[in-house]
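Student: Can you keep this structure in mind? I'll have questions shortly.
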Amino acid sequence: MIRDTSSQDAVIAAPKSQATRRRLIIAGSAVVLLAVGWYLFHNWRNTDHSVNMSRLRIAEVGRGTLIRDAAVNGRIVAAVSPTLYAPSLATVTLQTHAGDTVKKGDVLAVLESPDLSDALKKEQAAYAQIEADVARQRILARKQKLLAQRDADTAEIDRLSAQRTLERYDAVSNEGIIAKIEYQKAKDALNSAAIRAKHADQASALESDNVALELQSKIKQLEQQRSTLSNAQRRVDELTVRAPVDGFIGTLSVANRSVVPANTPLMTLVDLSRLEVELEVPETYVSDLGLGMTAEVNYGTGIANGKLSALSPEVVKNQVLARVRFNGEQPAGLRQSQRITARLLIDEKHDALMVQRGPFVESEGGRYAYVVRDGVAIRTPIKLGATSVSAVEILGGLKQGDKIVISGTETFENAERVSINN
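The structure is reproduced here in structure tokens:
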């Protein structure tokens, strides 16, 4: 039998320092585990909800260039699309159909209005009457001028005759052939003839002025009647509705041979040579918009740039209509009422503290955000600044590097602390 070596083994005792170190390590580990457990239990006990991480979107706050823009919808519209109206009560005879292509000056409809036709005939008769009165006044003016001139010439002849008589008396006055009283009578006759000639000449001038004024008054009446006749003729001419621009008939608002009152829309003419973009801008962006602002228009097959050219002063269904005019030539292939999307470039901020945009911006008016720290989302007051389609500026409450929940907070129910499970 072979014996083992157990008789040769000896028990060696461990050093006391090594046993002490082992006990300290075990105690320290237990303390750490207890602290971690207490911290996790404390956090779990202080949270109001628990949400799975897969249901949330978290973004980090950083710095960069914030481009303030607005994504809006719109449609292609004609820059020139006049609506033609009936000028008065009339019967409409259409000369075209919806969708027809027309040229400027083409007859689109003919209106029949007996009232306007009768009014034109009355004005034509009144014009002819006043025109005859003017011709009669011209003849009367010449006649009165001739009569006044005749009286003036007769008075001048009488003055010359009296002057020659006095000159003969002067020639023989020194010889004593005529009496002194006859000489004085001849002298008085000359003075009287001179006065009559002077007054006749002045009366002739006044008569000329008077007949000229009367003639001028008649001419003014004729001009006034000519203007009235021209207006009546214009109204009758408007009964023939012509195309103001090249284009096509968009819509017909009345039926053929129907009787329409004044100012009734007849049809709409669309000019496709000049197209613009009509945008439906939410009311929240109106205060930031301004004429001349740059817009990027995506019409499906490409992107074109334009400028904001008009802004409606009224708000309809929380939206404001804006017009964008293309820069340079308009893109080819655009259609009337074609739906498009556009991006309005409002502003650009450099080195801005910002975060990715999400539903948290609309939640509670953007006054709070949930900051993620150690697996817990903490409700924190914030202050937002400028917003864009993809980002939002942070003015207060957050710092660079913070992580916040940008989507999925609708299940938090405004809790102060929410635990996030992986």
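Under the UniProt record's numbering, the first residue of the sequence shown carries the number 1, and numbering increases by one thereafter.
All residues carry an ideal CB built from backbone N, CA and C; glycine is no exception.
Quick caveat: nothing in here was measured; it's all calculated off a predicted structure.
1. How many whole angstroms separate the CB atoms of Leu-275 and Gly-247, which I take to be in contact at a CB cut-off of 8 Å?
2. Find out if the Cβ-Cβ distance for the pair Thr-240, Asn-298 is shorter than 9 Å.
3. Would you kindly work out how many angstroms separate the C-alpha atoms of Asn-422 and Tyr-368, rounded to a whole number?
4. Since I believe Leu-111 is in contact with Ala-86 (beta carbons under 8 Å), could you give me their beta-carbon distance rounded to a whole number of angstroms?
5. Where does Gln-184 fall in DSSP's three states?
6. Helix, strand or coil: how does DSSP classify Gln-163 here?
7. Please state whether DSSP places Gln-319 in a helix, a strand or coil.
8. Nearest to Ser-76 by CA position, among Thr-93, Glu-280, Met-293, Gly-396, is which residue?
9. Would DSSP call Ser-390 helix, strand or coil?
10. Using the Cβ count rule (16 or more neighbours within 10 Å means buried), how would you classify Ser-363?
11. Excluding sequence positions up to five away, which residues of its chain have a Cβ less than 6 Å from the Cβ of Gln-225?
12. Which partner residues does Asp-237 have in the DSSP bridge list?
13. Look at the alpha carbon of Asp-115 and the alpha carbon of Arg-242, and state the distance between them as a whole number of angstroms.
14. Could you give the DSSP three-state label for Arg-343: helix, strand or coil?
15. The beta strand (DSSP E) with residue 424 in it runs from where to where?
16. Contact defined as beta carbons within less than 8 Å: I believe Pro-82 pairs with Pro-261. What is the distance between those atoms, to the nearest angstrom?
17. State the beta-bridge partners of Thr-91 as determined by DSSP.
18. Check whether the Cβ atoms of Leu-345 and Ile-67 lie closer than 9 Å to each other.
19. Between the beta-carbon of Val-355 and the beta-carbon of Val-389, is there less than 9 Å?
20. Note down, in chain order, each residue of its chain lying with its Cβ closer than 6 Å to the Cβ of Leu-56, except the 5 sequence neighbours on either side.
21. Is Lys-143 helix, strand or coil when you go by DSSP?
22. Going by Cα to Cα distance, which pick from Gly-401, Gly-375, Val-361 is closest to Glu-410?
23. Which same chain residues end up closer than 6 Å to Asn-414 when comparing Cβ atoms and leaving out the 5 residues on each side of it in sequence?
24. In the DSSP assignment, the beta strand (DSSP E) including Lys-103 goes from what residue to what residue?
25. Give the secondary structure of Phe-412 by DSSP, where H, G and I count as helix, E and B as strand, and everything else as coil.
26. Apply the 10 Å Cβ neighbour rule to Met-1 and answer buried if 16 or more other Cβ atoms are within range, or exposed otherwise.
27. Considering only the beta carbon of each residue, do Ala-155 and Arg-235 sit closer than 9 Å?
Tutor: According to the structure shown:
1. Actually they are not in contact, since the Cβ atoms of Leu-275 and Gly-247 sit about 11 Å apart, beyond 8 Å.
2. Not in contact: Thr-240 and Asn-298 (Cβ atoms no closer than 9 Å).
3. Cα-Cα distance, rounded: 24 Å.
4. The C-beta separation of Ala-86 from Leu-111 comes to about 6 Å, placing the pair in contact by the 8 Å criterion.
5. Correct three-state label for Gln-184: helix.
6. Three-state DSSP puts Gln-163 in a helix.
7. DSSP places Gln-319 in strand when its eight states are reduced to three.
8. Inspection of the sequence shows that residue 76 is occupied by Ile rather than by Ser. Of the candidates Thr-93, Glu-280, Met-293, Gly-396, the one whose C-alpha sits nearest the C-alpha of Ile-76 is Glu-280.
9. Coil.
10. Buried is the call here.
11. So the qualifying residues of the chain are Ala-126, Tyr-127, Ile-130.
12. Beta-bridge partners of Asp-237 (DSSP): none assigned.
13. Straight-line measurement puts the Cα of Arg-242 at about 21 Å from the Cα of Asp-115.
14. Reduced to three states, the DSSP call for Arg-343 is strand.
15. The chain is shown from 1 up to 422; residue 424 falls before or after that span and cannot be answered.
16. Contact flag wrong, Cβ pair sits at about 20 Å.
17. Glu-112, Val-259, per the DSSP bridge assignment.
18. Cβ atoms of Leu-345 and Ile-67: closer than 9 Å.
19. No. Outside cutoff.
20. Taking C-beta separations shorter than 6 Å and ignoring five residues to either side along the sequence, the partners of Leu-56 in its chain run Val-405, Gly-408, following chain order.
21. Three-state result, Lys-143: helix.
22. Ranking Gly-401, Gly-375, Val-361 by Cα distance to Glu-410 puts Val-361 first.
23. Excluding sequence neighbours, Asn-414 sits near nothing in its chain.
24. Where Lys-103 is concerned, there is no enclosing beta strand (DSSP E), given that its DSSP letter is neither H nor E.
25. Looking at Phe-412 - three-state DSSP - the assignment turns out to be coil, as it is neither helix nor strand.
26. Unreliable placement is indicated for Met-1, whose pLDDT of 45 sits below 50; the coordinate value is still reported in the next sentence. By the C-beta density criterion, Met-1 is exposed, having fewer than 16 other C-beta atoms within 10 angstroms.
27. Not a contact, by the Cβ cut-off of 9 Å.
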